[in-house]
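Protein chains: 2
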Amino acid sequence: MEVTRQNFKDTLKTVCSAVEEADFLAIDGEFSGISDGPNVSALTNGLDTPEQRYAKLKKHSMDFLLFQFGLCTFKYDQEKSKYIIKPFNFYVFPKPFNRTSPDLKFICQSSSIDFLASQGFDFNKVFCNGIPYLNQDEEVQLREQSEERRNQQANGVGTPSFISPSSKGPAHVPEEHKDFINRVIGKVEALLTNSEKTLDLEPCTGFQRKLIYQTLNWKFSKGLHVETVETEKKERYIQVIKVDDEERKRREQQKREREQEELNDAVGFSRVIHAISKSGKLVVGHNMLLDVMHTIHQFYCPLPEDLQDFKEVTMCVFPRLLDTKLMASTQPFKEMITNTSLAELEKQVKEAPFKSPQVETAEGFHSYDTAQEQLHEAGYDAYITGLCFISMANYLGSFLTPPKAYISAHSKVVEPFFNKLFLMRIIDIPYLNLTGPDLQPKRDHVLFVTFPKEWKTSDLYQLFSAFGNIQVSWLDDTSAFVSLSQTDQVQIGEFRKPYRYMRSFCNSREL
Amino acid sequence: MEVTRQNFKDTLKTVCSAVEEADFLAIDGEFSGISDGPNVSALTNGLDTPEQRYAKLKKHSMDFLLFQFGLCTFKYDQEKSKYIIKPFNFYVFPKPFNRTSPDLKFICQSSSIDFLASQGFDFNKVFCNGIPYLNQDEEVQLREQSEERRNQQANGVGTPSFISPSSKGPAHVPEEHKDFINRVIGKVEALLTNSEKTLDLEPCTGFQRKLIYQTLNWKFSKGLHVETVETEKKERYIQVIKVDDEERKRREQQKREREQEELNDAVGFSRVIHAISKSGKLVVGHNMLLDVMHTIHQFYCPLPEDLQDFKEVTMCVFPRLLDTKLMASTQPFKEMITNTSLAELEKQVKEAPFKSPQVETAEGFHSYDTAQEQLHEAGYDAYITGLCFISMANYLGSFLTPPKAYISAHSKVVEPFFNKLFLMRIIDIPYLNLTGPDLQPKRDHVLFVTFPKEWKTSDLYQLFSAFGNIQVSWLDDTSAFVSLSQTDQVQIGEFRKPYRYMRSFCNSREL
């Protein structure tokens, strides 16, 4: 189901109940770019520590926008022995809530945009119809502002912007606005004596509206309800209404409800993430570290500096995660699956010894056909990620005694994969462990090597040919980490110039 | 006429001849954002020097993308006594030329994007169908690379990436690729003895293709033409063709022509700017400083640090500019035109004492109706900018003896407005003078004032009420420039705490 600003409000209930009833959820995000900094080989060096990798992704990837969020809910139907799925494809965009709310800037990377364009991505759905959102701080701030404004208006103090030395007395009206304000006072005085109920003042500037509020608060403390209204052309003007105390309260109540609804609308897509989070359901993703980081960054809070703090925040937002790329790269799948990209994985788990799960799209939802690939649409990618998880989980069930054909998301056999996120292109640390310390492999067989910038990987292979197999992790044009296959091979003094080298202290090294 | 990647090549001739035959051109740009830095009041402080303003715009506005470029050509038809116009609306996007070419990143500002969305802007035309472009450095670099590669291939040295110590001998083929390469050698040997003309190798990785080129260059130095070809699915494979010397030359010539055309395609939209530049025609814009800066930045060269250098580059690219916002803000128009925004100006110059010019849209072009405003489409904005220029220029003609109803773009009466760009919100320097030193107004009646952050403009008015009229230029929450109406009013020692103050040295102050 495609969800944009237009149908979001009507769809939210459907989303929440799909999440509530699901056995597990699959998610995927599409971004306006991947890396704003160094080239990919430096961004994802093969010998990064988890701390370094987190710091690099945080620094170089978070200024992009997650603008399409795919969610596919999977609910197992015992009777039919099949999964009922509900796929959603949300377009999100940080449309500013009002003139004073933050005006977010984000980066687009031409190659990413061009790639999505080649996949038929509809950018108008993002930029024209994207669902707005607020993170938790912004939501709290907005609710407090609204509360404060209400209290002050009730006390007749006016809005916060009026608190300045000069507002203790009557409004200071600059010379050029005096005529204008005097005309307003005349009109309001006439309203109080004539038979009209309502007075619509002419559209005017924000500054003039301030002056009007200040003046009316000062001069007429009772019997009036003053409110800013917008014309169809988005021009703002002030409406003054004669009211008794009861009507005044009723109108204030209405205004409060309207404001409350506007605030909920502004929180927007974040409410979907809140619902996922509150459900505590297993959330499955493929190579999902960036998806998780972006989701927290946009819809919860700025990412913490420290990796340990990030792990804690993540466990609050997503108490149970599973990464299908990690699963596919781990025993017993590692030997069977040669290419763990999502598209290839999805093809492989259709073949023996895997079995394609039986799935049925719930009524009213768009049904995907995996034969007609719609890769890189977030909803579709979430859907096939869920399929991969089911096939691999069920395969694990075949080792049980007695074998089980259906493995649930709560089963012990998938537990070893919980809360471990795949770390791309790190040689010796396969995953980020969200619920404990990370692996700390020995790295004393790793050399830091510098060389002329014309050198290629093959030159390094030649140089180290005496040492058998090596792994090269490029740092930049003139340096790399070279991992020898055995520790005892590293003997200082063995190499001669011009090949400078040093023992590496990867774990403490700042890249 | 809408111009995208799809019809650009077919349209370029039409564009060039429209520019060549025109009496003057009008331009306008739409951007992905305006300011990446401080708020607008700090970005455009009323007492900026031209150097400061240029530095701020360069720093805070150039990371946005100019993604729609409007051009409207105006040619006066003496017989019909009317202008024939040709409006173009170009969508541009920095689609990377190939895998090694720069992958541009640009910033989007939510409020700007949301504003354009509300005006019906079609983002897919930018991101999916935008015309690519290269600046001059990128173009030169690409042409040099292509030249170099050709020379090396002709000399049998292979592509530049092969120059490494190991390429002096036979290719170093890593163990895991040896089988693959041996199979290729076998196939090529078979080709040389059998009756086939062409051998299509299977698609393979870039690294494997390198190995193949290296190996074939080394083993078979004559009689073969080797080329990388792309399948419909964008998979790359190597084609080996048996050739004699003559055919080899012919194929190389074809390849060169193909490369040349690809290069021209990559230069893309910049060719339109080159044509405008080369024509030397008067280019009219409304409040055009940012348009000019973006145009030079994207399609010519990174903006120079120094304002004087910027002026020189600008005069090379656009030898004759005219800003209608400056014109409308200057005598004799200043007194007649209260609001110089483009939309309002366009309405005002339709009324007496102005006359709407007679215009006719050239055949085959979309004709705009100014009654149905299409503001913020760059082509439309360029069109009405041109109309405003004509009306104002013709009004100046009414003062000549004898009065002239038609004033050409070359007339003496518009010359005073040439090469002066409007400076937004600077109190005492109306324009940037591209062909000489800028105005240096006295600023010794200006105070730098600091105050508690609760203060509003009205508090400053009160504080300085004894000094008559003042002008306030906010710097941030707690400081501003205050301009008194007369110099001799500034007397140090007159103010007491808590209002700290100091004489300002605006011209030397770094903001």
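Residue numbers (my numbering), protein chains in the order written: chain A, 1 to 511; chain B, 1 to 511. Note that CB positions come from ideal geometry on N, CA and C, so glycine has one too.
Assigned exposure category for B:Ser398 - 16 Cβ within 10 Å defines buried
Stepping through the second sequence from its first residue, residue 398 of chain B is reached at position 398. Answer is exposed; the Cβ neighbour count stays below 16.
Neighbour list for A:Phe127 in chain B, Cβ cutoff strictly below 7 Å
On the first sequence, residue 127 of chain A is found 127 positions in, with the first residue counted as 1. Here the neighbours are Ile113, Ala117 and Phe123.
From this set, B:Cys388, B:Glu377, B:Gly364 and B:Thr338, which residue's C-alpha is nearest B:Pro357's C-alpha?
The sequence position of residue 357 of chain B within the second sequence is 357, counting from 1. Minimum Cα distance to B:Pro357 is reached at B:Cys388.
Going along the region 81-113 of chain A in order, which residues come within less than 8 Å of chain B, judged by CB to CB distance?
Phe93, Pro94, Lys95, Pro96, Asp103, Leu104, Lys105, Phe106, Ile107, Cys108, Gln109, Ser110, Ser111 and Ile113
Closer than 8 Å, Cβ to any Cβ of chain A: which residues of the region 169-188 of chain B, in chain order?
His172 and Pro174
Could you give the distance in angstroms between the alpha-carbon of B:Asp103 and the alpha-carbon of A:Ser111?
On the second sequence, position 103 is the one that residue 103 of chain B refers to. On the first sequence, position 111 is the one that residue 111 of chain A refers to. Cα-Cα distance, rounded: 6 Å.
Could you tell me the boundaries of the beta strand (DSSP E) in which B:Cys108 lies?
For the purposes of this step, residue 108 of chain B is taken as the residue at position 108 of the second sequence. That run of the beta strand (DSSP E) goes Lys105 to Gln109.
DSSP-derived helix/strand/coil call for A:Gly223:
Here the question's residue 223 of chain A lines up with position 223 in the first sequence. A:Gly223 falls in the coil class under three-state DSSP.
Chain B residues whose Cβ lies nearer than 8 Å to that of A:Ser33:
One-based indexing of the first sequence puts residue 33 of chain A at position 33. At residue 33 of chain A the sequence reads Gly, which differs from the Ser that was named. Those are Lys105, listed as they occur along chain B.
Does any residue of chain B bring its CB to less than 8 Å from the CB of A:Gln462?
On the first sequence, residue 462 of chain A is found 462 positions in, with the first residue counted as 1. Interface residue, yes.
Beta carbon proximity, A:Asp137 to chain B, threshold 8 Å
In the first sequence, the residue the question calls residue 137 of chain A occupies position 137. Not an interface residue.
Interface residues of chain A facing B:Asp36 [CB-CB closer than 7 Å]:
By 1-based counting over the second sequence, the position of residue 36 of chain B is 36. Simply Lys105.
Supposed contact pair A:Tyr83 and A:Ile390 - C-beta distance, whole angstroms, cut 8 Å:
As a working mapping, residue 390 of chain A is identified with position 390 in the first sequence. As a working mapping, residue 83 of chain A is identified with position 83 in the first sequence. Right, their Cβ atoms sit about 7 Å apart.
Mind checking whether A:Val472 and A:Ala480 have CB atoms under 8 Å apart?
Stepping through the first sequence from its first residue, residue 472 of chain A is reached at position 472. Stepping through the first sequence from its first residue, residue 480 of chain A is reached at position 480. Yes. Within cutoff.
Starting from the C-beta of B:Phe524, find all residues in its chain whose C-beta is less than 8 Å away, skip the five residues before and the five after it, and write them out in chain order.
Examination of residue 524 of chain B is not possible in this model, given that chain B is present from 1 through 511 alone.
Is the CB-CB distance between B:Cys108 and A:Cys108 below 8 Å?
Taking the first residue of the second sequence as 1, we reach residue 108 of chain B at position 108. Taking the first residue of the first sequence as 1, we reach residue 108 of chain A at position 108. Cβ distance < 8 Å, so B:Cys108 and A:Cys108 count as in contact.
Between the alpha carbons of A:Val19 and A:Thr73, how many angstroms are there, rounded?
Within the first sequence, residue 19 of chain A is the residue found at index 19, counting from 1. Within the first sequence, residue 73 of chain A is the residue found at index 73, counting from 1. Going by the C-alpha atoms only, they are around 6 Å apart.
Entirely within the region 224-273 of chain A and at least 3 residues each: give me those beta strand (DSSP E) ranges in chain order.
224-230 and 236-242
Using a Cβ cut-off of 8 Å (strictly closer), state whether B:Ser270 contacts chain A.
For this step, residue 270 of chain B is matched to residue 270 along the second sequence. Not closer than 8 Å to any Cβ of chain A, the Cβ of B:Ser270 fails to qualify, so no.
According to the Cβ coordinates, are B:Arg5 and B:Gly120 closer than 8 Å?
Counting from 1 along the second sequence, the entry for residue 5 of chain B is found at position 5. Counting from 1 along the second sequence, the entry for residue 120 of chain B is found at position 120. No, these two residues do not count as a Cβ contact at 8 Å.
Within the 8 Å Cβ cut-off, does B:Ser356 reach chain A?
Along the second sequence, one-based indexing puts residue 356 of chain B at 356. No, because no Cβ of chain A sits closer than 8 Å to the Cβ of B:Ser356.
Can you give me, in chain order, the residues of the region 457-484 of chain A that have a beta carbon less than 7 Å from any beta carbon in chain B?
Ser458, Asp459, Tyr461 and Gln462
Given A:Leu66 as reference, the closest of A:Gln136, A:Phe269, A:Lys234 and A:Glu21 once Cα atoms are compared
Counting from 1 along the first sequence, the entry for residue 66 of chain A is found at position 66. Minimum Cα distance to A:Leu66 is reached at A:Phe269.
If you check the beta carbons only, do A:Leu289 and A:Leu434 fall under 8 Å apart?
Against the first sequence, residue 289 of chain A aligns to sequence position 289. Against the first sequence, residue 434 of chain A aligns to sequence position 434. Against a cut-off of 8 Å, the Cβ pair of A:Leu434 and A:Leu289 comes out as no contact.
May I ask you to report which of helix, strand or coil DSSP gives B:Pro332?
As a working mapping, residue 332 of chain B is identified with position 332 in the second sequence. Residue state, collapsed to three classes: coil.
Return the bridge partner residues of B:Thr338 from the DSSP annotation.
Here residue 338 of chain B corresponds to residue number 338 of the second sequence, with the count starting at 1. Paired residues: none, contrary to the question.
Contact under 8 Å by Cβ, A:Val240 with A:Leu199
The sequence position of residue 240 of chain A within the first sequence is 240, counting from 1. The sequence position of residue 199 of chain A within the first sequence is 199, counting from 1. A contact, by the Cβ cut-off of 8 Å.
Using the Cα positions of A:Ala378 and A:Phe123, report the straight-line distance between them to the nearest angstrom.
Position 378 of the first sequence holds residue 378 of chain A. Position 123 of the first sequence holds residue 123 of chain A. Their Cα atoms are separated by approximately 14 Å.
Our contact map puts A:Phe90 next to A:Val272 with C-beta atoms below 8 Å; I'd like the distance itself, whole angstroms only.
For the purposes of this step, residue 90 of chain A is taken as residue 90 along the first sequence, with counting starting at 1. For the purposes of this step, residue 272 of chain A is taken as residue 272 along the first sequence, with counting starting at 1. Their Cβ separation, rounded to whole angstroms, is 7 Å, which keeps A:Phe90 and A:Val272 in contact under 8 Å.
Locate the alpha helix (DSSP H) running through B:Gly120, then write down its first and last residues.
Taking the second sequence and counting its residues from 1, the one referred to as residue 120 of chain B is at position 120. Segment: none, B:Gly120 is in no alpha helix (DSSP H) and carries neither H nor E.
Do B:Phe106 and B:Asp63 have their C-beta atoms within less than 8 Å of each other?
Taking the second sequence and counting its residues from 1, the one referred to as residue 106 of chain B is at position 106. Taking the second sequence and counting its residues from 1, the one referred to as residue 63 of chain B is at position 63. In contact: B:Phe106 and B:Asp63 (Cβ atoms closer than 8 Å).
By a C-beta neighbour count over all protein chains shown, 10 Å radius and 16 as the cutoff for buried, is A:Val3 buried or exposed?
The sequence position of residue 3 of chain A within the first sequence is 3, counting from 1. The residue in question, A:Val3, is buried, as its Cβ has 16 or more Cβ neighbours within 10 Å.
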